[in-house]
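Enquirer: Right, I'll just put the structure down here and ask away after.
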Amino acid sequence: MLRSLLMAIVAAVVVSPVAAQQTGLQRLDTGDDGREWEAVGRLDLGGRGFCTGTLIAPDLVLTAAHCLFDKSTGQRIDQNKIEFLAGWRNGRASAYRWIRRAVIHPGYVFDQDVAADRVRNDVALLELHHPIRNGRVEPFTTDRRPIKGQRIGVVSYGRGRSEAPSLQEVCDVIARQQGVLVMSCDVTYGASGAPIFSFESGRPRVVSVVSAMAEVDGRKVSLGTQLEEPLAVLRAALAAGEGIQQAGAPQMNAVGVRRVTGAKFAKP
């Protein structure tokens with residue numbers, strides 16, 4: 060069945076809701092539980108919902124590119140209305156910051172039909188108006204792509220758990236293909252952009268971000284980009300002065316729904 064899933068990633072998929080499993084998740088409700096994870100935060104998207112983001116430098120937040128689009132119109136969300144709530148937990152954050160600039164991978168197309176291209180390039184980098192220099196909020200470093208079978212974990216917000224992050228510390232990489240990671244990590248709506256961590260070097264390091272969730276014959280998986288090359292492209296774009304939002308962003312066309320090998324695919 061995994062072969063069927065990979066075929067679906069390369070071809071087209073069914074865009075439809077996928078229910079996530081609720082096993083292996085630890086809700087980080089208390090200060091002690093969440094202390095190591097304060098650099099993971101909720102991205103509030105100007106009243107259009109939320110995603111998960113991760114501080115990877117005092118002024119840079121990593122997330123998924125599709126988070127920056129209004130899913131009903133395909134228009135870019137006004138980045139000046141996006142707020143990063145670092146360590147958001149039960150009505151309070153360790154730091155609050157608005158977004159100054161935002162760049163998405165140049166190969167990302169919001170309404171693209173080819174799932175592999177969409178997932179592989181589904182990454183964005185947000186520059187904050189003011190750096191977060193708070194001893195409680197320590198940015199995560201990034202690392203090389205994980206290998207098949209490697210132990211990984213995810214910290215995310217999600218539907219039904221938007222007021223505190225949840226940690227799944229043990230999941231793994233099922234496969235890698237065409238720049239896409241297929242993972243066993245548990246995700247749901249709101250988890251888009253959530254950091255995937257490796258634990259090989261002591262402190263967790265970000266190795267991917269959640270782009271989508273998928274289901275094949277009842278088996279639920281998450282999909283993400285292999286981070287190294289896309290992140291280098293985004294850093295270069297910011298260094299070149301890009302990321303000031305222009306008016307009249309392209310509008311999304313209606314996405315055709317096609318069935319392929321029993322797979323289902325959705326942006327969480």
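With positions in the sequence shown counted from 1, the corresponding number in the working numbering is that position plus 59.
In this text, a Cβ means the ideal position worked out from N, Cα and C, and glycines have one as well.
All values derive from a computational prediction rather than experimental measurement.
Express the C-alpha separation of His125 and Val182 in angstroms, rounding to a whole number.
Expert: Cα to Cα, the separation comes out at about 8 Å.
Enquirer: Within the segment 213-261, note down every full beta strand (DSSP E) run reaching 3 residues or more, in order along the chain.
Expert: Entirely contained in the segment 213-261, the beta strand (DSSP E) runs reaching 3 residues are, in chain order, 220-236, 239-242, 254-257.
Enquirer: Let me confirm a value: Pro165 is counted as buried when at least 16 other C-beta atoms fall within 10 Å, else exposed. Which label applies?
Expert: Exposed.
Enquirer: State the CB to CB distance for the pair Gly112 and Thr122, rounded to an integer number of angstroms; the pair is presumed to be in contact (CB under 8 Å).
Expert: Indeed they touch by this definition, with Cβ atoms about 4 Å apart.
Enquirer: First and last residue of the alpha helix (DSSP H) that includes Leu293?
Expert: Where Leu293 is concerned, the enclosing alpha helix (DSSP H) stretches over 287-298.
Enquirer: In chain order, what residues of the same chain have a beta carbon less than 6 Å from the beta carbon of Ile158, not counting five sequence neighbours either side?
Expert: Excluding residues within five positions, the ones whose Cβ falls inside 6 Å are Gln138, Ile141, Leu185.
Enquirer: In whole angstroms, give me the CA-to-CA distance for Tyr248 and Gly217.
Expert: Using only the alpha carbons, I get a separation of about 5 Å.
Enquirer: List the DSSP bridge partners of Phe128.
Expert: Answer is Arg135, bridged to Phe128.
Enquirer: CA-CA distance, Ile303 and Ala250?
Expert: Cα to Cα, Ile303 sits roughly 25 Å from Ala250.
Enquirer: Starting from the C-beta of Gly105, find all residues in its chain whose C-beta is less than 8 Å away, skip the five residues before and the five after it, and write them out in chain order.
Expert: Once the five neighbours on either side are set aside, the close Cβ partners of Gly105 are Ile136, Asp137, Lys140, Ile141.
Enquirer: Just to check my reading of the structure: Thr284 and Ser267 have Cβ atoms closer than 8 Å, yes? What is that Cβ distance to the nearest angstrom?
Expert: Right, the Cβ-Cβ distance comes to about 6 Å (below 8 Å), so this counts as a contact.
Enquirer: So, are the CB atoms of Arg203 and Glu274 less than 8 Å apart?
Expert: Not in contact: Arg203 and Glu274 (Cβ atoms no closer than 8 Å).
Enquirer: By the 10 Å Cβ neighbour count, where 16 or more other Cβ atoms means buried, how is Ile255 classified, buried or exposed?
Expert: When all chains shown are included, Ile255 counts as buried.
Enquirer: Shortest alpha-carbon distance to Ala271 belongs to which of Val246, Gly300, Asp176?
Expert: The option with the nearest alpha carbon to Ala271 is Val246.
Enquirer: Inspect the beta-carbon positions of Val162 and Leu297 and report whether they are closer than 8 Å.
Expert: Cβ distance < 8 Å, so Val162 and Leu297 count as in contact.
Enquirer: Does DSSP put Ala306 in a helix, in a strand, or in coil?
Expert: Because Ala306 carries a pLDDT of 46, less than 50, the predicted location of this residue cannot be relied on, and the following value inherits that uncertainty. Residue state, collapsed to three classes: coil.
Enquirer: Hey, could you find the ends of the beta strand (DSSP E) Asp172 is sitting in?
Expert: From DSSP, Asp172 is part of no beta strand (DSSP E); its letter is neither H nor E.
Enquirer: If we call anything under 8 Å between Cβ atoms a contact, is Ala145 one with Gly108?
Expert: No, the Cβ-Cβ distance between Ala145 and Gly108 is not below 8 Å.
Enquirer: Could you tell me the alpha carbon to alpha carbon distance between Gln80 and Ala234, rounded to whole angstroms?
Expert: Unreliable positioning characterises Gln80 in this predicted model, as indicated by a pLDDT of 40, which lies under 50. The coordinate reading is nonetheless provided below. Whole-angstrom Cα-Cα distance: 20 Å.
Enquirer: Are Asp176 and Gln209 touching if we call contact CB-CB under 8 Å?
Expert: Cβ atoms of Asp176 and Gln209: not closer than 8 Å.
Enquirer: Output the distance between the C-alpha atoms of Thr200 and Val265, rounded to the nearest integer angstrom.
Expert: Rounded to whole angstroms, Thr200 to Val265 spans 6 Å at the Cα level.
Enquirer: So for Val182, helix, strand or coil by DSSP?
Expert: In this structure, Val182 counts as coil in the three-state DSSP scheme.
Enquirer: Just to confirm the assignment, what range does the beta strand (DSSP E) spanning Arg94 have?
Expert: No beta strand (DSSP E) contains Arg94, which DSSP labels as neither H nor E.
Enquirer: What are the boundary residues of the beta strand (DSSP E) that includes Thr113?
Expert: 109-116 is the extent of the beta strand (DSSP E) around Thr113.
Enquirer: Can you find the residues in the same chain that come closer than 7 Å, C-beta to C-beta, to Ser153, ignoring five residues on each side of it along the sequence?
Expert: Contacts found: Glu97, Ala145, Gly146, Asn193, Arg195, Val196.
Enquirer: Throw me the rounded Cβ distance for the Pro198 and Leu114 pair, which I believe falls under 8 Å.
Expert: The Cβ separation is near 5 Å, so the contact holds.
Enquirer: Quick check: the Cα distance between Ala253 and Ser215, rounded to an integer number of angstroms?
Expert: Going by the C-alpha atoms only, they are around 5 Å apart.
Enquirer: Between which two residues does the beta strand (DSSP E) harbouring Thr284 extend?
Expert: Here the beta strand (DSSP E) through Thr284 covers 278-284.
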